[in-house]
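This report concerns only the one structure given below.
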Amino acid sequence: MTGTVSLQMTGPLARVTLSHPGKFNAMSRAMWRELRSAFTAIHEDRRIRCALISGDGGHFCSGGDISEYGDFRFAEQSLSDFHENEVWGGLQAMLDCDVPIVAQISGNCMGAGLEISSCCDMRIAGESARFGAPIAKLGFPMAPREAALVLNAVGELTARELLLSAAVLEASEMKLRGFLNSVVADAALPATTDALVSRMLALAPVAARLNKQTFRALRTHPQGLNDLALNAYAYADSPEHREGVAAFTEKRPARFAA
Amino acid sequence: MTGTVSLQMTGPLARVTLSHPGKFNAMSRAMWRELRSAFTAIHEDRRIRCALISGDGGHFCSGGDISEYGDFRFAEQSLSDFHENEVWGGLQAMLDCDVPIVAQISGNCMGAGLEISSCCDMRIAGESARFGAPIAKLGFPMAPREAALVLNAVGELTARELLLSAAVLEASEMKLRGFLNSVVADAALPATTDALVSRMLALAPVAARLNKQTFRALRTHPQGLNDLALNAYAYADSPEHREGVAAFTEKRPARFAA
Amino acid sequence: MTGTVSLQMTGPLARVTLSHPGKFNAMSRAMWRELRSAFTAIHEDRRIRCALISGDGGHFCSGGDISEYGDFRFAEQSLSDFHENEVWGGLQAMLDCDVPIVAQISGNCMGAGLEISSCCDMRIAGESARFGAPIAKLGFPMAPREAALVLNAVGELTARELLLSAAVLEASEMKLRGFLNSVVADAALPATTDALVSRMLALAPVAARLNKQTFRALRTHPQGLNDLALNAYAYADSPEHREGVAAFTEKRPARFAA
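Residue numbers (my numbering), protein chains in the order written: chain A, 3 to 260; chain B, 3 to 260; chain C, 3 to 260.
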């Protein structure tokens with residue numbers, strides 16, 4: 003029983019579910035590898051237009067699976083392998099995914115959960131969700147790539163508060179801090195994300211992939227705008243572009259092919 | 003009838019007005035060129051201490067003028083020319099303007115309107131203003147320079163939401179997201195921006211230009227602080243500096259010459 | 003009477019107090035030098051786990067000591083020395099301090115006060131605290147290093163508003179702008195920061211120092227993640243790491259040695 007990250011593709015929608023019963027979906031090493039496989043598959047499947055990630059049993063993810071820590075955390079090389087390859091392999095696959103990703107967050111969203119949700123394009127939470135990264139109680143710092151990821155998503159004030167004071171913040175506060183797009187009643191969370199995903203599935207899929215590539219390039223090479231601009235307009239004669247403008251002009255909904 | 007961007011200079015204040023009747027001030031290609039001319043003129047006129055940009059008829063700007071799109075959007079070269087030269091020419095002139103710019107935003111502030119307001123130093127909105135960039139319905143992505151601009155102004159969470167879900171957000175929400183300095187009753191909007199502009203016109207005009215140059219340099223060359231610091235103190239013996247400190251010491255309002 | 007920056011170390015806690023009676027703790031040149039000494043001492047003392055900075059007499063700090071300005075502000079070299087060496091010497095010592103710093107902010111937090119609080123990891127304010135940098139009334143711009151610091155802490159919208167309109171913002175507004183972790187009733191401020199500091203003192207001290215080093219490196223060398231990652235896991239076999247994980251597994255509070 004090391005938990006699972008499952009992937010279910012239904013037409014243009016990919017559902018990814020974190021599941022580790024009895025541990026609030028804590029990420030085991032096997033789950034990090036499965037997370038990587040899932041998002042690599044989503045990225046490579048041109049039929050997929052949107053991904054929704056959530057957790058089983060009323061929680062998103064409570065962190066790492068501490069029962070495994072004795073096996074690898076106390077030697078530099080195995081600790082480095084864990085963070086640089088296993089954890090970052092999963093998170094990098096999410097960051098490299100061109101398909102828009104929505105996080106549906108309920109219950110605990112701590113440590114690994116905070117990092118996974120930080121890789122998503124949109125974050126919708128139930129009102130009782132709780133956020134933190136209290137690893138200062140566990141005696142270790144956040145790995146640099148993970149710290150950079152969380153810092154970018156939650157902002158510097160919140161990143162420092164979470165790591166230096168082991169604070170746990172409510173969903174309403176994380177909305178104010180700019181980490182969440184919206185907070186809804188717990189019971190309304192699935193219907194809210196389903197409605198959002200339906201809306202997103204009707205939008206231009208290639209444009210979404212191009213926008214995500216641009217955002218990624220702006221983050222990794224902020225000084226590379228001139229190069230980006232050189233290759234930014236090849237979509238001009240595409241069917242999707244023509245359909246979108248034609249539909250608007252003809253006052254009808256656009257129908258974007260896969 | 004392709005709309006106009008008009009410039010009215012009254013003493014130290016420049017008023018820029020977007021106007022395209024019947025199209026909620028959608029930006030035509032001619033208007034982008036006029037926007038560039040207006041802000042180039044403002045930047046070069048040392049008498050001007052503040053610029054206020056607003057839209058005609060209860061709206062700021064609803065986006066691009068889609069009736070022109072068939073002429074140029076479906077060929078790579080003309081599409082690139084449009085975004086890189088016409089649109090970016092206008093936006094870059096705003097970003098290069100050393101004079102503080104206030105946006106007075108009512109009604110629709112979409113697409114091009116969001117980009118234009120993103121170039122302003124302060125943004126005041128009426129409570130019924132609405133913000134978005136729903137080009138995913140039109141089948142195309144945001145051009146890289148424009149995406150970088152909007153990302154910087156609205157933050158990454160909001161930029162992704164606007165582009166990947168075609169969301170339209172209310173003024174109160176955009177205040178929480180950190181895009182707006184304040185939101186006031188629609189009827190109070192002109193008086194609010196007039197009061198703000200009056201306050202700004204009484205402040206040190208050369209200091210404002212130097213502050214804007216510093217902010218611009220920090221954005222375009224974030225690692226260039228040592229060079230910036232080398233040339234940062236030439237104002238030491240200036241009349242404006244002496245007048246400001248003298249006025250404070252003498253407990254009287256400062257009178258800053260042009 | 004040029005004011006003082008005093009340092010009181012009690013066990014693992016360092017208290018830094020800004021004091022300049024009758025001037026709301028305005029920073030004199032001597033105080034900037036004392037600020038540097040205080041935070042250099044805190045950084046170098048391995049027994050210290052948390053620093054708390056506050057102001058005397060109901061205020062944090064009202065800015066610079068303008069009575070000294072005539073001596074040095076109107077010549078380029080002495081002005082540069084002041085900003086680059088005295089002011090930045092103090093602020094850089096705070097930024098270089100590996101010990102977590104909490105700002106307890108009441109009353110006026112203007113100019114130099116805004117800069118000093120921008121160097122802190124956490125910022126807790128009383129509800130009547132007021133924030134600004136109205137130097138446009140004094141006829142001069144913000145020095146580049148100080149502008150970069152404040153921009154990073156308050157965000158671009160607020161930095162431009164404070165400098166270009168000389169706005170003064172309330173604590174509740176600065177909470178919304180993302181500058182403050184929390185705002186409490188004025189009377190509850192000392193007890194709130196004391197409770198926060200107590201919580202922080204129980205956390206892993208080496209992990210805190212490593213987290214602060216990572217945040218600093220991410221800010222100063224944002225493209226240097228690969229180098230950071232090479233040296234990030236030397237803590238694997240440390241007593242602190244082992245104690246934290248062991249305590250969690252044994253369901254007891256961790257006891258972190260100095």
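The beta carbon of each residue, even a glycine, is placed where N, CA and C say it ideally should be. Because the structure is a prediction, the values reported are computed rather than measured.
Strand pairing of residue i, partner residues [DSSP]
{"i": "R211 (chain C)", "result": "Answer is none; R211 (chain C) lacks a bridge partner."}
{"i": "T12 (chain A)", "result": "A:L15"}
{"i": "R1 (chain A)", "result": "Summary: the structure shown does not reach residue 1 (chain A), with chain A confined to residues 3 through 260, and so no result is reported for it."}
{"i": "G113 (chain C)", "result": "Note: G113 (chain C) sits in no beta bridge, so no partner."}
{"i": "G66 (chain B)", "result": "B:M29"}
{"i": "S21 (chain A)", "result": "A:T6"}
{"i": "G134 (chain C)", "result": "C:M112 and C:V170"}
Residue i in three-state terms, based on DSSP
{"i": "F142 (chain A)", "result": "coil"}
{"i": "V185 (chain B)", "result": "strand"}
{"i": "E158 (chain A)", "result": "helix"}
{"i": "S200 (chain A)", "result": "helix"}
{"i": "M3 (chain A)", "result": "coil"}
{"i": "A149 (chain B)", "result": "helix"}
{"i": "A193 (chain B)", "result": "helix"}
{"i": "A40 (chain B)", "result": "helix"}
{"i": "R221 (chain C)", "result": "helix"}
{"i": "Y71 (chain A)", "result": "helix"}
{"i": "R35 (chain C)", "result": "helix"}
{"i": "Y235 (chain C)", "result": "coil"}
{"i": "L284 (chain A)", "result": "The structure shown does not extend to residue 284 (chain A), since chain A is modelled only from 3 through 260, so no value can be given for it."}
{"i": "L178 (chain B)", "result": "helix"}
{"i": "H45 (chain C)", "result": "helix"}
Listed by chain order, chain A residues near residue i by CB distance under 8 angstroms
{"i": "G180 (chain B)", "result": "G180"}
{"i": "M144 (chain B)", "result": "N213 and T216"}
{"i": "L220 (chain C)", "result": "P146, A149, A150 and L153"}
Chain B residues whose Cβ lies nearer than 9 angstroms to that of residue i
{"i": "M3 (chain A)", "result": "Ordered by position in chain B, no residue passes the 9 angstroms Cβ test against M3 (chain A), which lies about 35 angstroms from the chain."}
Range of the contiguous beta strand (DSSP E) that encloses residue i
{"i": "A231 (chain A)", "result": "It is not in any beta strand (DSSP E) - A231 (chain A) instead sits in the alpha helix (DSSP H) that spans L227 to L232."}
{"i": "A53 (chain B)", "result": "C52 to G57"}
Buried/exposed call for residue i, threshold 16 Cβ in 10 Å
{"i": "R132 (chain C)", "result": "buried"}
{"i": "L116 (chain B)", "result": "buried"}
{"i": "K253 (chain A)", "result": "exposed"}
{"i": "Q106 (chain C)", "result": "buried"}
{"i": "P143 (chain C)", "result": "buried"}
{"i": "G57 (chain A)", "result": "buried"}
{"i": "H85 (chain A)", "result": "buried"}
{"i": "H223 (chain B)", "result": "exposed"}
{"i": "R162 (chain C)", "result": "buried"}
{"i": "G226 (chain A)", "result": "exposed"}
{"i": "R48 (chain B)", "result": "exposed"}
{"i": "E88 (chain B)", "result": "buried"}
{"i": "L232 (chain A)", "result": "exposed"}
{"i": "G141 (chain C)", "result": "buried"}
{"i": "R257 (chain C)", "result": "exposed"}
{"i": "G24 (chain A)", "result": "exposed"}
{"i": "A77 (chain B)", "result": "exposed"}
{"i": "E46 (chain C)", "result": "exposed"}
{"i": "G246 (chain C)", "result": "buried"}
Under 9 angstroms from the C-beta of residue i: neighbouring residues of chain A
{"i": "K139 (chain B)", "result": "A204, L205, A206, G246, A249, F250, P255 and A256"}
Proximal residues of chain B, C-beta to C-beta of residue i below 7 angstroms
{"i": "R132 (chain C)", "result": "Under the 7 angstroms cutoff, chain B gives no residues; its nearest Cβ is about 16 angstroms from R132 (chain C)."}
{"i": "P102 (chain A)", "result": "L166"}
{"i": "G157 (chain C)", "result": "G180"}
{"i": "R162 (chain C)", "result": "D123, M124 and F217"}
{"i": "L198 (chain A)", "result": "S167"}
Partners in chain C for residue i, counting only beta-carbon separations shorter than 9 angstroms
{"i": "R201 (chain B)", "result": "S167, A168 and A169"}
{"i": "S82 (chain A)", "result": "A231, L232, A234, Y235 and A238"}
Residue interval of the alpha helix (DSSP H) (run including residue i)
{"i": "S82 (chain A)", "result": "E78 to D83"}
{"i": "A95 (chain B)", "result": "W90 to L97"}
{"i": "F250 (chain A)", "result": "P241 to T251"}
Residues that residue i contacts on chain C, provided the C-beta gap is smaller than 8 angstroms
{"i": "L227 (chain B)", "result": "P146, R147 and A150"}
{"i": "D239 (chain B)", "result": "F76, A77 and E78"}
Chain-ordered neighbours of residue i on chain C, where CB pairs are closer than 7 angstroms
{"i": "E88 (chain A)", "result": "Residues of chain C passing the Cβ test: none, with the nearest at roughly 13 angstroms."}
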